[in-house]
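J.: If you scroll down you'll find the structure; I have some questions about it.
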Amino acid sequence: MSADRNIARVTATAAVHAGRTATNPTPPIDLSATYYLPGVDAGGESYESLVAGGPPTAEGGLVYQRMWNPTTAGFEKALAELEGLPEAVSFASGMAAITACLLAATATAGAGAGAAGKRHVVALRPIYGGTDGLLTKGTLGTEVTWVQGPADIAPALAARPDTALVVVETPANPTARLLDLDAVAEACGDVPYLVDSTFATPVLQQPARHGATLVVHSATKYLGGHCDVLGGVVATTPEWAARLRDIRVQTGGLLHPIAGYLLHRGLQTLPLRVKRSSETAGTIATWLAAHPAVERVHYPGLPGGDPDGLIGPDKQMLLPGAMLSFEMRGGYDAAATVAENVRLILHAASLGGAESLITHPASLSHRHVAPDARPDAGLLRFSVGLEDAEDLIEDLDSAFAKI
Ligand code: PLP
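Residue numbers (the working numbering): 829 to 1231.
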């Protein structure tokens, strides 16, 4: 897909009103598993449209929740608006969304027919451990070539003309490394590329401005924002959205309507939350970088953290974000001591919640990543929440004192 630099940055106003109408500001939660069918032919025609990845027909109705749900459709419309893409398709989790993208890119038949049966994927490390595992194991019948940076993509594609998709993540989990998406787009040429934009959210980065075909979020994280809902979503073109809906109808990995409601509500405060926690992350990263127990801080907002100059009001990333990681001088033992001795910060999986979360990726999210690509045993990932910076620093300081 060609880049569209005219996509507007997400404003607070857009986030509050996306996917809502003046007469329907609080969308109802529709829990119906099934719907009245006004006629056999009318119902059948709506079914046909839905199975082909399209919307329901006005005459035939919504048919069945696995095919269409107005509450989740409202969230999808809002997210698509914020990403500056025509459509979005939601799923039960981020991994269900990534699975659907891989199936859509490699399917051989139906509305899900992607790249005519090409099964090879080029993917960049580091990437979320779940995605790494899905590609490494080849569970979905794909084959992967792992590369390190945008410059490696073109040679990898030249070596494998059967490549269906390029998969990247920026900022990357767990190191928050940024990738130049314009460079990725150029290297990909005609091969579609997927960006997992979970760490950035549409507030900080809209990959469609840089030619991404599939923009994926683990909605579980910042979009929901309160660690109380699991979901995934893909913003994309109408053609890919039809494929993804077809896959969703076939495989059933749909978002529950209550989750759709919560995610749509979460979008209203997304700019406020992301900007505030990004600011706090800057303060914490600076404090960590000056601490003698810390070997290295990975944060795009620190000096040297953005070597390609990707952060700024007119650049790829509006702000450096609220995810950082840091390596302890004392390696695994020191990292474990910190994770186990924070009291306000929660030692837990996940990220993007109102509460700050700390994780040891090598033993959790990236545990099954190949040893040569696994994060350092002394590395901790920190999702900076909405607490006051001084309270978070005090908590870290007392945990550090236990080393
Ligand atoms: N992508 C990224 C960057 C993630 O961090 C995660 C989960 O941590 C996922 C995808 C998977 O999302 P979910 O847990 O909603 O399946």
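We treat Cβ as the ideally placed atom computed from N, Cα and C, and that holds for glycine.
CA-CA distance, Glu1168 and Leu1224?
T.: 11 Å
J.: For Asn852, write down the residues that DSSP places opposite it in a beta bridge.
T.: Thr849
J.: Strictly by DSSP, which residues pair up with Glu971?
T.: Paired residues: His948.
J.: Consult DSSP for Ala842 and reduce its assignment to one of helix, strand or coil.
T.: helix
J.: In whole angstroms, what separates the C-alpha of Ile1139 from that of Gln893?
T.: 41 Å
J.: If we count Cβ pairs, one from each stretch, closer than 8 Å, do we get three or more for the stretch 1201–1211 versus the stretch 1175–1186?
T.: yes
J.: For Ile1139, list the residues DSSP reports as bridge partners.
T.: In the DSSP secondary-structure assignment, Ile1139 is bridged to Met1145.
J.: Does any heavy atom of the ligand PLP sit closer than 7 Å to the C-beta of Gly922?
T.: For Gly922, the shortest separation between its Cβ and any heavy atom of the ligand PLP lies below 7 Å.
J.: Look up Asp1024 in the DSSP assignment and say whether it is helix, strand or coil.
T.: strand
J.: List the DSSP bridge partners of Thr991.
T.: His948
J.: Could you check the C-alpha separation between His1126 and Gly1149 for me, to the nearest Å?
T.: 12 Å
J.: Would you tell me roughly how many angstroms separate the C-alpha atoms of Val1062 and Gly1137, rounded to the nearest one?
T.: 27 Å
J.: Which residues does DSSP list as the beta-bridge partners of Ala1063?
T.: For Ala1063, which the question treats as bridged, DSSP gives the partners Ala916 and Val1043.
J.: DSSP three-state label for Met1156, please.
T.: Taken through DSSP and simplified to helix, strand or coil, Met1156 comes out as strand.
J.: Within the same chain, show all residues whose beta-carbon is closer than 7 Å to that of Lys946, passing over the 5 residues directly before and after it, in chain order.
T.: Thr934, Asp990, Thr991 and Ala992
J.: With a threshold of 7 Å on Cβ separation, who are the neighbours of Gly1110 within its own chain once the five nearest residues in sequence on each side are excluded?
T.: Result list for Gly1110: Gly1129 and Pro1148, in chain order.
J.: Restricting to runs no shorter than 4 residues, where is the alpha helix (DSSP H) found entirely within the stretch 1075–1134?
T.: 1085–1096 and 1098–1117
J.: Whose C-beta lies closer than 7 Å to the C-beta of Glu860 among residues of the same chain, with five residues either side of it excluded?
T.: The question names Glu, yet the displayed sequence has Ser at residue 860. The beta carbon of Ser860 sits closer than 7 Å to the beta carbons of Gln893 from its chain, once the five residues preceding and following it are set aside; these are given in chain order.
J.: Could you give the distance in angstroms between the alpha-carbon of Pro1291 and the alpha-carbon of Ala1118?
T.: Any question about residue 1291 goes unanswered here, given that the chain covers just 829 to 1231.
J.: Flag this pair as yes or no: are the beta carbons of Gly1052 and Leu1022 separated by less than 8 Å?
T.: No, the pair does not count as a contact, with Cβ atoms beyond the cut-off.
J.: Just how far apart, CA to CA, sit Val972 and Val950?
T.: 6 Å
J.: Please check the pair Leu913 and Ala1036, which I expect to be a contact at CB under 8 Å, by giving their CB distance rounded to whole angstroms.
T.: 5 Å
J.: Go ahead and label Ala1227 buried or exposed: buried means 16 or more other beta carbons lie within 10 angstroms of its beta carbon, across all protein chains shown.
T.: buried
J.: Taking only heavy atoms of the ligand PLP into account, decide whether any of them is closer than 7 Å to the Cβ of Ser918.
T.: no
J.: Could you give the distance in angstroms between the alpha-carbon of Phe903 and the alpha-carbon of Leu930?
T.: 22 Å
J.: Short check: CB of Ala1229 to CB of His1038, under 8 Å?
T.: no
J.: Do you know offhand how far Asp858's Cα is from Asn897's?
T.: 7 Å
J.: At a cut-off of 7 Å, would you count Thr839 as near the ligand PLP, judging by its Cβ distance to the nearest heavy atom?
T.: no
J.: Between which two residues does the alpha helix (DSSP H) harbouring Ser1226 extend?
T.: Ala1217 to Phe1228
J.: What is the DSSP secondary structure of Ile1186, counted as helix, strand or coil?
T.: strand
J.: Between which two residues does the beta strand (DSSP E) holding Ser1211 run?
T.: First-last of the beta strand (DSSP E) with Ser1211: Leu1207 to Ser1211.
J.: Counting contacts by CB-CB distance shorter than 8 Å, is Gly977 in contact with chain C?
T.: Here chain C cannot be found, since the structure has a single protein chain.
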